[in-house]
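**Student:**
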Amino acid sequence: MTWLSQQYDGLVTRFLLAEHGGSPLDWVQARRSGRWQPVSGRVLRSTATPATEAQWVLAGVLDASPGALLHGPSALGWLDLSGYSFRDLKVVRQNGFTGRGATIAHVHRLRNLRPHDVIVVRGVPTETALRAIWSEAARYSAERRRALGIERIGNLLDQAHRKGLVTWAALHDSLDDLQRRGRAGTVIMRALAADRPPGSSPTESRLERRFEEVVEQANLAPFRRQIWVGGHEPLGRADFRDHHLPLAVEVNSLAFHTTPSDRAADERRYRAMVAAGFTVGVVWEADLWQHPGNAVATVHGVRRAATRGHRVVMHSPSCPWRDPYAGAVA
41 MTWLSQQYDG LVTRFLLAEH GGSPLDWVQA RRSGRWQPVS GRVLRSTATP ATEAQWVLAG
101 VLDASPGALL HGPSALGWLD LSGYSFRDLK VVRQNGFTGR GATIAHVHRL RNLRPHDVIV
161 VRGVPTETAL RAIWSEAARY SAERRRALGI ERIGNLLDQA HRKGLVTWAA LHDSLDDLQR
221 RGRAGTVIMR ALAADRPPGS SPTESRLERR FEEVVEQANL APFRRQIWVG GHEPLGRADF
281 RDHHLPLAVE VNSLAFHTTP SDRAADERRY RAMVAAGFTV GVVWEADLWQ HPGNAVATVH
341 GVRRAATRGH RVVMHSPSCP WRDPYAGAVA
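The working numbering applies: residue 41 is where the sequence shown begins, and numbers increase by one.
(1) Cα separation between F251 and D128?
(2) What's the call for Q69, buried or exposed, on a 16-neighbour Cβ count within 10 Å?
(3) I need the straight-line Cα distance from L102 to T87, nearest angstrom please.
(4) Are the beta-carbon atoms belonging to V83 and I144 less than 9 angstroms from one another?
(5) By a C-beta neighbour count over all protein chains shown, 10 Å radius and 16 as the cutoff for buried, is E59 buried or exposed?
(6) Hey, would you say L294 sits closer than 9 angstroms to P237, going by beta carbons?
(7) Could you compute how far the alpha carbon of G163 sits from the alpha carbon of P262?
(8) Count the other C-beta atoms from every protein chain shown that fall within 10 angstroms of the C-beta of R72, then say buried if there are 16 or more, exposed otherwise.
(9) For the candidate residues A258, L285, L247, W174, whose alpha-carbon lies nearest to that of D279?
(10) Taking the alpha helix (DSSP H) that N195 belongs to, which residues open and close that run?
(11) Tell me the residue span of the alpha helix (DSSP H) that contains Q69.
(12) Report yes if the CB atom of H212 is closer than 9 angstroms to the CB atom of E167, and no otherwise.
(13) With distances taken between CB atoms, is the gap from A304 to H156 smaller than 9 angstroms?
(14) Which residue wins for smallest C-alpha separation from V161, given the options S114, G194, R185?
(15) Starting from W76, trace the alpha helix (DSSP H) both ways and give me its first and last residue.
(16) Leaving aside the five residues before and after A108 along the sequence, list all residues of the same chain whose C-beta is less than 6 angstroms from its C-beta, in chain order.
(17) With DSSP collapsed to three states, give me the class of R249.
(18) Compare the Cα-Cα distances from Q199 to each of L170, H331, D327 and report the closest residue.
(19) Among all the DSSP beta bridges, which residues are the ones paired with R281?
(20) State the DSSP-derived secondary structure class of G271, mapped to helix, strand or coil.
(21) So R351 and G367 are in contact, right, with Cβ under 8 angstroms, and what is the actual spacing, rounded?
(22) State the Cα-Cα distance for the pair T89 and P300, rounded to the nearest angstrom.
(23) Helix or strand or just coil, what does DSSP make of A258?
(24) Check this for me: beta carbons of S105 and G117, under 9 angstroms apart or not?
(25) Within 10 angstroms of its Cβ, does P357 collect 16 or more other Cβ (buried), or is it exposed?
(26) Which residues in the same chain have their Cβ closer than 6 angstroms to the Cβ of L285, if we skip the five residues on either side of it in sequence?
(27) Less than 6 angstroms between C-beta atoms, sequence neighbours within five positions excluded: which residues of the same chain meet that for A233?
(28) Entirely within the region 312 to 349 and at least 3 residues each: give me those beta strand (DSSP E) ranges in chain order.
(29) Relative to the C-alpha of E191, which candidate in D217, G204, R281, I228 has its C-alpha closest?
(30) Just curious, the beta strand (DSSP E) that A108 is in, first and last residue?
(31) Give me whichever residues DSSP pairs with I159 in a beta bridge.
(32) Closest by CA to V255, which one among A177, Q47, I173, N334?
(33) Within 10 Å of its beta-carbon, does A288 have 16 or more other beta-carbons around it, so buried, or fewer, so exposed?
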């Protein structure tokens with residue numbers, strides 16, 4: 041059990057032990073050994089590890105697992121947003137996982153949890169800042185609280201934005217997705233999104249301006265910026281869209297596109313674009329700044345592919361992903 045607990049900040053749970061071949065007897069013997077201290081009925085802590093606040097937070101998530109993660113104000117507190125704390129611990133679990141209760145944290149249940157709304161921060165599964173902000177916005181959905189909600193959630197969005205946790209393009213995409221699901225707080229988030237257009241985030245606008253500079257300096261035909269793409273159903277905004285070809289180009293920063301959940305969300309999006317008839321180019325920031333010739337070559341390549349009807353996904357050479365999805369040739 042020691043090797044297992046080393047992966048979880050000195051903690052082990054019944055379900056993790058079972059997943060790794062442990063038996064109920066192993067659990068009982070561990071409790072009796074004196075080397076393990078119960079944190080709850082489902083979580084043990086190695087007495088060889090210090091009892092820290094971070095360990096307690098992870099214990100709260102594990103106690104409600106499998107499938108649990110920090111939720112709402114607890115997620116925002118864990119992400120170091122001022123005014124929020126994870127001391128009154130709240131976690132969320134999607135319906136379909138275990139129905140057991142929890143003793144450390146308050147458990148909320150969701151019908152739908154998008155994979156790209158989940159991240160791991162300092163070893164703890166948590167909602168993204170944007171998803172947690174949606175949860176907070178729902179608290180102000182009543183009309184009498186709306187003005188207060190616009191002020192408070194607006195300040196929260198701006199704080200998360202300054203910390204690099206939220207981009208305005210992601211805000212608009214979440215609005216387009218979650219409002220179709222009837223998510224509470226939509227009126228507030230829509231009002232706030234109206235004053236925060238896609239591309240106005242420093243990281244977004246800086247990379248997009250740089251892409252336009254590289255395209256112009258290479259005497260290439262320009263692209264349209266922040267354009268909706270999709271077939272019968274809209275897929276969201278592409279960073280750039282060719283004026284004539286079924287071609288979308290995304291410019292990716294390392295800050296927002298390198299975690300496993302980021303990659304999974306991006307590749308779902310690229311697959312959907314390909315299925316809707318688009319060729320997709322992905323230009324990474326290192327190529328825009330250090331190797332602009334690579335960015336130019338990628339643009340040439342995807343334009344040739346789109347002209348020939350090849351529905352591919354082509355990344356510039358500095359792509360950090362291993363074996364990225366490449367689309368399909370028509």
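Heads up, the beta-carbon is just placed ideally off N, CA and C, and yes, glycines get one too.
**Tutor:** Inspection of the coordinates gives the following:
(1) For the purposes of this step, residue 251 is taken as the residue at position 211 of the sequence shown. For the purposes of this step, residue 128 is taken as the residue at position 88 of the sequence shown. Between the alpha carbons of F251 and D128 lies a gap of roughly 45 angstroms.
(2) Taking the sequence shown and counting its residues from 1, the one referred to as residue 69 is at position 29. That one is exposed.
(3) In the sequence shown, counting from the first residue as 1, residue 102 sits at position 62. In the sequence shown, counting from the first residue as 1, residue 87 sits at position 47. If you take the alpha carbons of L102 and T87, they lie about 18 angstroms apart.
(4) Mapped onto the sequence shown, residue 83 falls at position 43. Mapped onto the sequence shown, residue 144 falls at position 104. In this structure, I144 lies closer than 9 angstroms to V83 by Cβ.
(5) Residue numbering aside, residue 59 sits at position 19 when the sequence shown is read from its first letter. Its Cβ having fewer than 16 others within 10 Å, E59 is exposed.
(6) Taking the sequence shown and counting its residues from 1, one reaches residue 294 at position 254. Taking the sequence shown and counting its residues from 1, one reaches residue 237 at position 197. Not a contact, by the Cβ cut-off of 9 angstroms.
(7) Here residue 163 corresponds to residue number 123 of the sequence shown, with the count starting at 1. Here residue 262 corresponds to residue number 222 of the sequence shown, with the count starting at 1. Cα to Cα, the separation comes out at about 43 angstroms.
(8) By 1-based counting over the sequence shown, the position of residue 72 is 32. Of the residues assessed, R72 falls on the exposed side of the cut-off, its CB having fewer than 16 other CB atoms within 10 angstroms.
(9) Taking the sequence shown and counting its residues from 1, the one referred to as residue 279 is at position 239. Nearest neighbour of D279 by Cα position, chosen from A258, L285, L247, W174, turns out to be L247.
(10) Within the sequence shown, numbered from 1, the residue matching residue 195 stands at position 155. Bounds of the alpha helix (DSSP H) holding N195 are 186 to 202.
(11) Numbered from its first residue, the sequence shown carries residue 69 at position 29. That run of the alpha helix (DSSP H) goes 64 to 73.
(12) Stepping through the sequence shown from its first residue, residue 212 is reached at position 172. Stepping through the sequence shown from its first residue, residue 167 is reached at position 127. Their beta carbons are not under 9 angstroms apart, which means H212 does not touch E167 by this criterion.
(13) Within the sequence shown, the letter at position 264 stands for residue 304. Within the sequence shown, the letter at position 116 stands for residue 156. Taking 9 angstroms as the Cβ cut-off, A304 and H156 qualify as a contacting pair.
(14) Stepping through the sequence shown from its first residue, residue 161 is reached at position 121. Measuring from the Cα of V161, the nearest candidate turns out to be S114.
(15) Here residue 76 refers to the residue found at position 36 of the sequence shown. For W76, there is no enclosing alpha helix (DSSP H); the residue is part of the beta strand (DSSP E) that begins and ends at 76 to 78.
(16) To locate residue 108, count along the sequence shown from 1; it is residue 68. Result list for A108: V101, V131, R133, in chain order.
(17) Reading the sequence shown from its first residue, position 209 is the one you call residue 249. Of the three classes helix, strand and coil, the one that applies to R249 here is helix, per DSSP.
(18) Reading the sequence shown from its first residue, position 159 is the one you call residue 199. It is L170 whose Cα lies nearest to the Cα of Q199.
(19) By 1-based counting over the sequence shown, the position of residue 281 is 241. Beta-bridge pairing links R281 to R264, A288.
(20) As a first step, residue 271 must be located in the sequence shown, where it is residue number 231. For G271, the pLDDT reaches just 47, beneath the cut-off of 50, and the residue's location in the model is therefore unreliable, although a value from the coordinates is still provided. Coil, per DSSP.
(21) What you label residue 351 is simply residue 311 of the sequence shown in a count that begins at 1. What you label residue 367 is simply residue 327 of the sequence shown in a count that begins at 1. Confirmed, Cβ separation roughly 5 angstroms.
(22) Working through the sequence shown from its first residue, we reach residue 89 at position 49. Working through the sequence shown from its first residue, we reach residue 300 at position 260. Rounded to whole angstroms, T89 to P300 spans 29 angstroms at the Cα level.
(23) Locating residue 258 in the sequence shown gives position 218, counting from the first residue. For A258, the three-state secondary structure derived from DSSP is coil.
(24) In the sequence shown, the residue the question calls residue 105 occupies position 65. In the sequence shown, the residue the question calls residue 117 occupies position 77. No, they are not a contact pair.
(25) The sequence position of residue 357 within the sequence shown is 317, counting from 1. By the Cβ-count criterion, P357 is exposed, with fewer than 16 other Cβ atoms from all chains shown falling within 10 Å of its own Cβ.
(26) Along the sequence shown, read from residue 1 onward, the residue named residue 285 stands at position 245. The residues are A346.
(27) Here residue 233 refers to the residue found at position 193 when the sequence shown is read from its first residue. Beyond the five residues adjoining it in sequence on each side, A233 comes within less than 6 angstroms, by CB distance, of L211, H212, L215 in the same chain, given in chain order.
(28) 319 to 324, all fully within the region 312 to 349.
(29) Stepping through the sequence shown from its first residue, residue 191 is reached at position 151. When only C-alpha atoms are compared, the closest one is I228.
(30) Looking up residue 108 in the sequence shown gives position 68. Looking at the DSSP string, the run of the beta strand (DSSP E) that includes A108 is 108 to 110.
(31) As a position in the sequence shown, residue 159 is number 119, starting the count at 1. Per DSSP, T166.
(32) Indexing the sequence shown from 1 puts residue 255 at position 215. Ranking A177, Q47, I173, N334 by Cα distance to V255 puts N334 first.
(33) Taking the first residue of the sequence shown as position 1, residue 288 is located at position 248. Within a 10 Å sphere around the beta-carbon of A288 sit 16 or more other beta-carbons, which makes this residue buried.
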